[in-house]
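Taken in order, these protein sequences are the chains called L and Y.
To convert, note that position 136 of the first sequence is 206 in the working numbering; the numbers rise steadily by one, no gaps.
To convert, note that position 27 of the second sequence is 16 in the working numbering; the numbers rise steadily by one, no gaps.
Think of the CB as a built atom: it goes at the ideal place given N, C-alpha and C, for glycine as much as any other residue.
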Amino acid sequence: MHEKAVRLSVNGTPITASVEPRMTLADFLRDTCGLTGTHLGCEHGACGACTVLLDGAAVRSCLLFAVQADGTEVTTVEGIASPDGTLSPVQSALRECHGLQCGFCTPGFVMSLTALLRDNPDPTDSEIREGLSGNFCRCTGYQGIVAAAHRAVELASEMPAMPAEFGVAR
Amino acid sequence: MKPASFDYHRPDSVEQAVGLLAELGDSGDGAKVLAGGQSLVPMLSMRLAYFDHLIDISRLSELQGIDLRGDQLWIGAGTTEATVGADPQVRQAVPLLTLATPYVGHFQIRNRGTLGGSIAHADAAGEYPAVALTLDAVMEVTSPRGPSEIAAADFFTGLWETAVEPDEVLTGVRFPLWGNRSGFAVREFARRHGDYAIAGALVGVQLDDDDRVSRCAIGLLGLGSTPRRASAAEEAVVGKPVGEVSPEAIGQAAMAGLDDIPEDLQGSASYRRKVGAAMTARAWIQATREAASNA
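Structure follows, in structure tokens:
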């Protein structure tokens, strides 16, 4: 089938490529861009491991074809830490609170939490749990992840005022 | 890459999209409209479905928007569930949509999934199809033969099947407004938040000045091959003083006549019937409380 040209920004870097229409954005990020931080678990929208930000909105990159992302700005887990490697509040909190064990699901949790806390900087426990319900973790039992979400709120408030406290502008 | 190969088209207008659908729909494995893709893409990836052509309508501005038209609220089919759920006009005019939205998948799904896609996909446990049926919404479709309308009561014809013809595209949905002293509620039970419900109920109720039920609509999801209306239970309560209606009785009454309740590992038909009755009773309690407090 005919390949299509796509032009998009990934973590601020403009990328132009020719792709088969059936290539998902997740495969495009991993195989074409070499950004293997985005993980693929179920590949049908259930597990959330492949979550990325598309023009700021958290979406499943396995439920989106790369051609559909033409003209958009995509942020992956590789784009969350500062360029000097300083972890974002969400990333630091996950480490601090033992919010990961094997780490396979973690990129998805980082992206979902980043979007969640940007839109709701002071969530209740139940808002956090509801916000995380679209991401599966098979190791932690979620307690550490929920604790990390609360800790990330604290860390962000301790940071000097920045235009994008959670690392990503809307 | 898991889906079968297809050609991708991104038309600039609904007219073009309909033209492409008519032109390509009969060839080989046909053509399908792609909106948010939150149901279609997994089906393609699992190869439960395959098409030679996908026609992406997700960026068409004609299909976006929320607009009060007389005594109905028009919502463009391509409006995302996230937009519908957060919109103050929707909350004010069609509160049942706002109440149902948090039950639709997860927030990451709602960022892509669309109102029209959800209704056209017609999952029997889907929330928006049940809202459309409960509120007697009107579905607007267009085809090479021009625009037409389908009433919700005629729209859902079977499991994942609707009255939309293969060459028609759902462009918008009109939801009737209910007016004063009305209340709405959604209750559903799922094993995990965001899963399709084992059973759920949507209730709309309107009271007159003497606190009698002047209008009642009860929609059920997950309790058949399509969303269902509990018409007999609705009729039984209209005209009654609201305080004299037993929530348990209306829950039981709403389960009457259900003849194709699904059975699977999540639960037997009799279990779903019990859950459905309980959800109906709870939604009734909440909706009548809302109605009584809305002057």
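- Boundaries of the beta strand (DSSP E) harbouring Ile85/L: Thr83 to Val89, taken from the DSSP string.
- Between Gly126/L and Thr145/L, the C-beta spacing is below 9 Å.
- Within 10 angstroms of the beta-carbon of Val227/Y lie fewer than 16 other beta-carbons, which makes it exposed.
- A direct Cα-Cα distance of roughly 15 Å separates Tyr117/Y from Asn100/Y.
- Between the alpha carbons of Met(-10)/Y and Asp189/L lies a distance of about 33 Å.
- The beta-carbon separation of Ala276/Y and Val202/Y, rounded to 10 Å, does not stay under the 8 Å limit for a contact.
- Under the DSSP assignment, Ala222/L falls in the alpha helix (DSSP H) whose first and last residues are Gln213 to Glu228.
- When rounded, the separation of the alpha-carbon atoms in Tyr92/Y and Asp60/Y is 26 Å.
- Ranked by Cα distance from Ala163/L, the first of Ser79/L, Leu99/L and Ala226/L is Ala226/L.
- Here DSSP, grouped into helix, strand and coil, assigns Cys132/L to helix.
- Per the coordinates, the alpha-carbon of Glu279/Y lies some 10 Å from the alpha-carbon of Trp273/Y.
- Boundaries cannot be given for Val227/Y, as no beta strand (DSSP E) includes it and DSSP labels it neither H nor E.
- Residue range Thr176 to Asp189 is occupied by the alpha helix (DSSP H) that includes Phe179/L, with no beta strand (DSSP E) assigned at that position.
- Listed in chain order, the non-local C-beta contacts of Gly102/Y below 6 Å within the same chain comprise Gly25, Gln27 and Glu70, local neighbours out to five positions each way being set aside.
- Note: Ser79/L is bridge-paired with Pro84/L and Glu143/L in the DSSP secondary-structure output.
- Its Cα nearest to that of Val175/Y, the residue Val192/Y stands out among Val192/Y, Glu157/Y and Ile187/Y.
- Per DSSP, Asp1/Y lies in no alpha helix (DSSP H) and is assigned neither H nor E.
- Contacts between Val30/Y and chain L, judged by CB atoms closer than 9 Å, involve Thr94, His114, Gly115, Arg130, Cys132, Leu133, Leu134 and Phe135 in chain order.
- When the alpha-carbon of Pro77/Y is set against those of Asp56/Y, Ala121/Y and Gly161/Y, the nearest one is in Asp56/Y.
- Within chain L, the C-beta atoms nearer than 7 Å to that of Gln27/Y come from Gly115 and Leu133, in chain order.
- A Cβ of chain L is located within less than 9 Å of the beta carbon of Gln97/Y.
- Residue state for Met128/Y is assigned as strand, using DSSP reduced to three classes.
- Only those residues of the region 158 to 192 of chain L whose C-beta falls short of 7 Å from the nearest C-beta of chain Y are listed: Ser182.
- A distance below 9 Å separates the beta carbons of Arg218/Y and Ala142/Y.
- Interface annotation, His220/L: not in contact with chain Y, CB-CB separation never under 9 Å.
- Residue nearest to Thr131/Y within the set Ala266/Y, Leu9/Y and Gly246/Y is Leu9/Y (criterion: CA-CA distance).
- Under the 8 Å Cβ criterion, the region 128 to 144 of chain L counts as touching the region 95 to 105 of chain L, having at least three qualifying pairs.
- When the five nearest sequence neighbours on each side are left out, the beta carbons in the same chain lying within less than 8 Å of the beta carbon of Ala242/Y are those of Ala219, Ala221, Ala222 and Ala225, in order along the chain.
- The beta carbons of Asp45/Y and Pro0/Y sit closer together than 9 Å.
- Exposure of Asn169/Y is indicated by the presence of fewer than 16 other C-beta atoms within 10 angstroms of its C-beta.
- Using a Cβ-Cβ cut-off of 9 Å, Lys21/Y does not count as an interface residue toward chain L, since no Cβ of chain L sits closer than that to its own.
- For Glu116/Y, the enclosing alpha helix (DSSP H) starts and ends at Glu116 to Thr123.
- Classified as buried, Ala222/L has 16 or more neighbouring CB atoms from the shown chains inside 10 Å of its CB.
- Under the Cβ distance rule, Pro91/L counts among the residues neighbouring chain Y, one pair being separated by less than 9 Å.
- Taking 7 Å as the upper bound on Cβ-Cβ separation, chain Y lies near residues Glu200, Gly201, Ser203 and Gly204 of the region 198 to 218 of chain L.
- Note that the region 147 to 167 of chain L touches the region 99 to 117 of chain L; at least 3 beta-carbon pairs, one per stretch, sit closer than 8 Å.
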